[in-house]
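Line order of the protein sequences matches chains A and B. Just so we're aligned, residue 0 is where the first sequence starts under numbering that gives the first Met the number 0, counting upward by one. Just so we're aligned, residue 0 is where the second sequence starts under numbering that gives the first Met the number 0, counting upward by one. Each residue gets a CB set at the ideal place from its N, CA and C atoms; glycine is no exception. The structure appears right after this line, and notes come after that.
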Amino acid sequence: MKTHKDPFYWARCLFFLLIGILVVRLLVLQVIHYANFHQAALDNHQQTQILYPKRGLIFDRHGTALAVPQNSHQIWLKPNHPDTQQTLQTLINLKVLAKPPVIKGSFPTLLKKHLSNQDVQVIGEHQHQLNALHFETSSSRLYPYGDIFAHALGYVTDPTNQTDAPRYDGVNGIEAYYNDSLSGVPGKHITSINAKGQLQQSLSIQPPQSGHNIKLTLDTHLQTTSHQAMSDLTGAVIVLNPNNGQVLALVSQPTFNPNLLVSGIDHQAFDQLAKADRRPLFNRAIQGLFPPASTLKPMIALQGLETGVITPDTQFDDPGYFRLPNHQHRFRCWKEAGHGLVDVAKSIVVSCDTFYYELGYRLGIHRLNSMLSAFGLNQTPHIDLPYAKSGHLNSPVWKADKKFEPWYPGDTILSTIGQGHTLSTPLQIAMATAQLATKGHTYQPHLLLATEQAEGNWQPYQPVPLAPINIQDKHWQLVHQAMADVIVSRAPTGTGWRFGQAPYTVAGKTGTAQVVSREQLADSQKRSHFDHSWFMAFAPVKNPQVVIVVLVEHGHQAISIARKILDAYFDHT
Amino acid sequence: MAIKPFLSLEKYWMLILITPNKLKRQLISSIKLDHWVIGCMLGLFALGLLTLASANDHSDLLLKQCYRLVIGLCLMLLISYLHPKHLFKIAPWAYLAVIVLLILVHFFGDIGKGARRWLDLGVLRFQPSECLKVIMPLTMAWVISFGGKRHQTLLISLLILVIPVFLVLKQPDLGTALLIAASGLGVIFLAGFSLRIWLYGLLAGLLSLPIIWHHLHHYQKMRIFMLINPESDPLGSGYHIIQSKIAIGSGGLLGKGWNLSTQAHLQFLPEPSTDFIFALFAEEWGLIGCLLLLALWLALTLRCLKIAQDCQSWFGQLLAGGITLMLLAECFVNIGMVTGILPVVGVPLPFMSYGGTSLITSLTSIGLILSIKRYRRQWRAA
Numbered sequence: 000m001k002t003h004k005d006p007f008y009w010a011r012c013l014f015f016l017l018i019g020i021l022v023v024r025l026l027v028l029q030v031i032h033y034a035n036f037h038q039a040a041l042d043n044h045q046q047t048q049i050l051y052p053k054r055g056l057i058f059d060r061h062g063t064a065l066a067v068p069q070n071s072h073q074i075w076l077k078p079n080h081p082d083t084q085q086t087l088q089t090l091i092n093l094k095v096l097a098k099p100p101v102i103k104g105s106f107p108t109l110l111k112k113h114l115s116n117q118d119v120q121v122i123g124e125h126q127h128q129l130n131a132l133h134f135e136t137s138s139s140r141l142y143p144y145g146d147i148f149a150h151a152l153g154y155v156t157d158p159t160n161q162t163d164a165p166r167y168d169g170v171n172g173i174e175a176y177y178n179d180s181l182s183g184v185p186g187k188h189i190t191s192i193n194a195k196g197q198l199q200q201s202l203s204i205q206p207p208q209s210g211h212n213i214k215l216t217l218d219t220h221l222q223t224t225s226h227q228a229m230s231d232l233t234g235a236v237i238v239l240n241p242n243n244g245q246v247l248a249l250v251s252q253p254t255f256n257p258n259l260l261v262s263g264i265d266h267q268a269f270d271q272l273a274k275a276d277r278r279p280l281f282n283r284a285i286q287g288l289f290p291p292a293s294t295l296k297p298m299i300a301l302q303g304l305e306t307g308v309i310t311p312d313t314q315f316d317d318p319g320y321f322r323l324p325n326h327q328h329r330f331r332c333w334k335e336a337g338h339g340l341v342d343v344a345k346s347i348v349v350s351c352d353t354f355y356y357e358l359g360y361r362l363g364i365h366r367l368n369s370m371l372s373a374f375g376l377n378q379t380p381h382i383d384l385p386y387a388k389s390g391h392l393n394s395p396v397w398k399a400d401k402k403f404e405p406w407y408p409g410d411t412i413l414s415t416i417g418q419g420h421t422l423s424t425p426l427q428i429a430m431a432t433a434q435l436a437t438k439g440h441t442y443q444p445h446l447l448l449a450t451e452q453a454e455g456n457w458q459p460y461q462p463v464p465l466a467p468i469n470i471q472d473k474h475w476q477l478v479h480q481a482m483a484d485v486i487v488s489r490a491p492t493g494t495g496w497r498f499g500q501a502p503y504t505v506a507g508k509t510g511t512a513q514v515v516s517r518e519q520l521a522d523s524q525k526r527s528h529f530d531h532s533w534f535m536a537f538a539p540v541k542n543p544q545v546v547i548v549v550l551v552e553h554g555h556q557a558i559s560i561a562r563k564i565l566d567a568y569f570d571h572t
Numbered sequence: 000m001a002i003k004p005f006l007s008l009e010k011y012w013m014l015i016l017i018t019p020n021k022l023k024r025q026l027i028s029s030i031k032l033d034h035w036v037i038g039c040m041l042g043l044f045a046l047g048l049l050t051l052a053s054a055n056d057h058s059d060l061l062l063k064q065c066y067r068l069v070i071g072l073c074l075m076l077l078i079s080y081l082h083p084k085h086l087f088k089i090a091p092w093a094y095l096a097v098i099v100l101l102i103l104v105h106f107f108g109d110i111g112k113g114a115r116r117w118l119d120l121g122v123l124r125f126q127p128s129e130c131l132k133v134i135m136p137l138t139m140a141w142v143i144s145f146g147g148k149r150h151q152t153l154l155i156s157l158l159i160l161v162i163p164v165f166l167v168l169k170q171p172d173l174g175t176a177l178l179i180a181a182s183g184l185g186v187i188f189l190a191g192f193s194l195r196i197w198l199y200g201l202l203a204g205l206l207s208l209p210i211i212w213h214h215l216h217h218y219q220k221m222r223i224f225m226l227i228n229p230e231s232d233p234l235g236s237g238y239h240i241i242q243s244k245i246a247i248g249s250g251g252l253l254g255k256g257w258n259l260s261t262q263a264h265l266q267f268l269p270e271p272s273t274d275f276i277f278a279l280f281a282e283e284w285g286l287i288g289c290l291l292l293l294a295l296w297l298a299l300t301l302r303c304l305k306i307a308q309d310c311q312s313w314f315g316q317l318l319a320g321g322i323t324l325m326l327l328a329e330c331f332v333n334i335g336m337v338t339g340i341l342p343v344v345g346v347p348l349p350f351m352s353y354g355g356t357s358l359i360t361s362l363t364s365i366g367l368i369l370s371i372k373r374y375r376r377q378w379r380a381a
C-alpha cells in the first residue's frame, strides 16, 4: 500500500524535517551560544555598583590631619535606557549640563563630575524625570594645608577619569608611595532591575575594605615654618632626626595647590603648572640636582685624616690659588688674598678652597670618591617617596661614559669643592649631614611613622639603619668642633657667622654653588646666574637631635632660613 | 446540628457509586476518543498552564484560561460526534459565510494593534480569519473530493484558496494568511496531484515574490529585515526578537527552573503569555523541556496523520490531513518566530498561548480529527 509516492509518507517526512529544524535551532541557541545568552540575560537585569572604599587618612606626627575625605558627586547616564532623551533634555533645561554628551556604545556615560551643591539639590528635586540617570557619591580628597605639604604628600587622581577600576590613586608623594595601603579594596553591590530600570532586589553586596590611616613623621609646625621661611624663594628644605631617620619637614619651593589637581583641572591649566618657569611640580628636595660645593669639605677632611695623608696639624699655605705641578692654570680660592697657613680645622671654618685642592691632589680621585660614596652621595637615598633621584660624583669612569672625555688632573681638583660635573640632591646632602652628626650611624630617611592596621592599633614603622661609616672618633670630634666653629668662630671669622648667637649649639657648613664662572658672574646681572647657597647643619653639637639642609637657588639666604627653622624646632620641643 | 443541603455534592458521588458497572463501561466506551491524541494534547495544555502561571502574578488569567479550556474540551467532545458527512454538506456554505464575514470585517471591523481583524457581533467578538484555519482545509477537502483529481479541480481549488488569503492579507495579517495558504496547499499536496504541477507552482511562487514584496506593509518589511539583522536596531524593531533569543538561549540545557525566569519576570520579554510563551517556557525548562514539548507535538501530529490515513473516505483523509498540517504549521511558525528563524508575524502557539480564539480553534480542529477517527468507515455523500 505505502509506496514512496504516497503523499502521507512525504507529509510525515515534512513533519520530521520541521521539528528537526526547530531542534537544531534550539541546540544552537541553548547549547552552542549558551554562554553569550546567559551573559546577555545577566547584563539585562543585573546592575553592578562599585562601592568606593574609604581612603585612609594622613596625619602628621602629632595627629593633625593632612589629608581628609570630602564628598564628591557624579552623574552617569545608564546605557540603552528608554528614557535617555527625556533625561538629557531635563538636565539641559535645569542647566546642569551645557550640551548633550557623546554617548558611546552600551556603557554608562559620565555626564558630570564634582557637582556643586546646587546641582545636587536640583537633581534631587527632579528625580522622577531623570530615570536614565545614575547618581553616585564618592569620597574625594581634601588637603587642609593646601600647598604647604604638596611635595611631601603628593595628590590623588580623579577616579572618574578611569573606566575599568574607578578609585582614587595617589599620583605622587606619600599618596603614591603608600597607595596600596591607603586606597583599600573597592566593593560591589549587584542589584536586579527590570526592563524599565526600576530596582527589584539586591542580589549581593561585597562591602569595600577601607584603606589604612597613616601617621607621618612630618611636624606641621616645622613644615609650616619652613614653608614660610622660604617664602617666595626657590629651593628646598629638609629637616630630619638623624637618630632614626624621621623626616620632620620636607619643603620644595615653589609649590602648588594639590586640591586643584584632585578636583580635576583642565589640560591647559595643568600644562601651565607643569611648564611654569620655576617648575612648581618639581620636587627639588629629592629630585633637584645641584653642585654640592663646599658641603663636601668635612667629608674630604675626614678622608684625609683617615688615610693619613694629613694629620690634624698638617698645614698648607694658601696664597689665594693652587697650581698643579707643571701647569700654569691657577685654581683660585674663593678669597683672592688667600688664607695664609691653613690646618684642617681652619680649612672647614673658613672654607678654604686651596687646602682642599692640595688635599684632593694628594688623595687622588678614587680615595676622594670612596669616602663621598660612603656618605651616600653616589646613590639614590631609600626614602618612602617616589621618583627620588641620585646625584653622582665625577669620576674617570663616569666622565668617559657620559661625556666621552678623558680625565684631567684638573677634574680631581674641581671635585674637591663639589663643582664640575659632581651633582647632589638636597636629600643626599641631608643624609650625609645625618651621617656626620651620628658619626656614621644613621638610619634610612622615611616619612611614615605608623600605620593603623585596625581601629586604634597603630603599627610603628621600624627604621632601617644605614651601613655604618668607620672613622676614628677623634677625627669625628675634630670635624664636629670645626663645624661648630663655622658658626661661632670670630677669629678667623667662620663662614656661618650670619647664623648669629643661638640658645642651642649648632654645627654647620655653608656651600656656594657656582652656576657660571666668577668672571661671567661679575659681568652678569641675571638672577639665573647668581650662585645657589647651601647650608647644612646639625644641633645640638653634642648628641645631635636634628639635621637641617637648606638650598636656595640663585640666592644667599640659606643660613638665615635655617636659623628660623631651628629656632622653631627648639622653641617647640 | 446543621441541616445538610438537599443537593449536596456527596450525593452525586453516591450516584456514580450506585451506577451499575456495565452501564459505566458502556458510557465510557461510547466516548471512544483517541488516547494518543488526547494524551499529547493534555500534556501540551499542562505545560501551557504551568508556563502561564509563571508568566502572571495574578491567578485570574490562569483561572480564565482553565474555564475556557473546560468549555473548549466539551465543544471538542461534541464535535467529535459530528459525522463528517454533515461537514461535507455544510462546507461550501461555511466557506461563503466566512468570505462574507471577512468582507464585513474589511468595512466594519474593529481595529486592534494596527490591523482590522475583529468583528463585534454584540455578544461575541471574534476574528473571522481564525475560523478560516478550520474552514479552509474543510472547503479544500470538499472541492477536491467532489471534483476528483483533475486539472480543473486544481484551478478551482486554487481560486477558492486565493480569495480568503488575499482578504486576510489586506487586514493586514501576514501570519494567518500564510497559515491559511499553507493549509490549503497542504490539502492539495495530500490529494496527490502529479509532481510536475508542484514544480510549476514553485516556479510561479518564486516569480511572484517581488510582487508580494512590493505589496507588503512597511512594518512587515521591517520584520523581515530584523530577522536577518536584529542587532541593527536593538531598542526598536529588533527588541522583541533579541529579548526572545536571550530568554531561550539563557535557558541552556536544564533551564532556570519554574517561576525563576528573569527575562519574563523583569519584563524584558514581550508578551510572555501569548505569542512569546515558548520563549518563557524555554527559559525556565531549558533544552530538555523544549525537547519534551517538541516530542509531544511530533507525537500528536503524527498520530493525527495516522488517523487521516486510516480514514476510508477521501474527504476525511484530506480534511484530517489538512487540519494536522495547519496545526503543525502554526507550531512551526510560532517557534520559528520566537527563535528568530522566521519573521515576527503574531501567530500564537496552539494549546499553550493565552487567548480564547486560538484555544477554541485548536480544540475544534482536534474535535474534527476525533470525529474522523470515530466515523472512519466509508460513507456516501448524500
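Please tell me whether residue i has its Cβ less than 8 Å away from any Cβ of chain A.
i	result
T261 (chain B)	yes
I308 (chain B)	Note that residue 308 (chain B) is Gln in the sequence shown here, rather than Ile. Yes, contact with chain A.
Q266 (chain B)	yes
W92 (chain B)	no
Just the C-alpha distance for residue i and residue j, rounded to the nearest angstrom, thanks.
i	j	result
I89 (chain B)	L137 (chain B)	9 Å
K305 (chain B)	N193 (chain A)	47 Å
R526 (chain A)	E518 (chain A)	15 Å
Q84 (chain A)	I189 (chain A)	26 Å
E357 (chain A)	L323 (chain A)	9 Å
W92 (chain B)	L348 (chain B)	29 Å
V121 (chain A)	L93 (chain A)	7 Å
D163 (chain A)	V23 (chain A)	Model confidence at D163 (chain A) stands at a pLDDT of 49, short of 50, so the residue's coordinates are unreliable; what they give is reported in the following sentence. Roughly 39 Å separates the two Cα atoms.
Q128 (chain A)	I245 (chain B)	30 Å
S293 (chain A)	Q452 (chain A)	45 Å
L280 (chain A)	L28 (chain A)	58 Å
C332 (chain A)	T353 (chain A)	5 Å
T216 (chain A)	E552 (chain A)	26 Å
V344 (chain B)	G335 (chain B)	10 Å
D309 (chain B)	P81 (chain A)	56 Å
T441 (chain A)	D383 (chain A)	16 Å
For chain B, check one thing: does any of its Cβ atoms lie closer than 8 Å to the Cβ of residue i?
i	result
P6 (chain A)	yes
V101 (chain A)	no
H32 (chain A)	yes
L28 (chain A)	yes
V170 (chain A)	no
L17 (chain A)	yes
T2 (chain A)	With a pLDDT of 46 at T2 (chain A), under the threshold of 50, the modelled position of that residue is not reliable, and no figure is offered here.
Just confirm the distance between the C-beta atoms of residue i and residue j, as a whole number of angstroms; I'd bet it's less than 8 Å.
i	j	result
P68 (chain A)	S115 (chain A)	Wrong, their Cβ atoms sit about 18 Å apart, outside the cutoff.
P290 (chain A)	Q427 (chain A)	No, P290 (chain A) and Q427 (chain A) are not in contact; Cβ-Cβ is about 12 Å, not under 8 Å.
I564 (chain A)	A151 (chain A)	15 Å between Cβ atoms; not a contact.
F350 (chain B)	G47 (chain B)	6 Å
Y568 (chain A)	P539 (chain A)	Not quite, the Cβ-Cβ distance comes to about 11 Å (not below 8 Å), so this is no contact.
T450 (chain A)	I213 (chain A)	5 Å
Quick check: is any heavy atom of the ligand GDP less than 7 Å from the C-beta of residue i?
i	result
Y8 (chain A)	As far as ligands go, the structure on display features none, and thus does not contain the ligand GDP.
Exercise for review: Report the residues of the region 191 to 220 of chain A with a CB closer than 8 Å to any CB of chain B, ordered along the chain.
Suggested key: S191, I192, N193, A194, K195, Q199
Review point. If you scan the region 291 to 364 of chain A from start to end, which runs of the alpha helix (DSSP H) of 4 or more residues do you find wholly inside it?
Key: 296 to 306, 343 to 348, 352 to 362
Point to revise | Cβ-based contacts, 7 Å cut-off: residues of the region 67 to 78 of chain A near chain B | key: Within the region 67 to 78 of chain A, no residue places its CB atom closer than 7 Å to a CB of chain B.
Practice item. Write down every uninterrupted run of the beta strand (DSSP E) in the region 89 to 177 of chain B whose length is 3 residues or greater and which is fully enclosed by it, in chain order. Key: 109 to 111, 114 to 119
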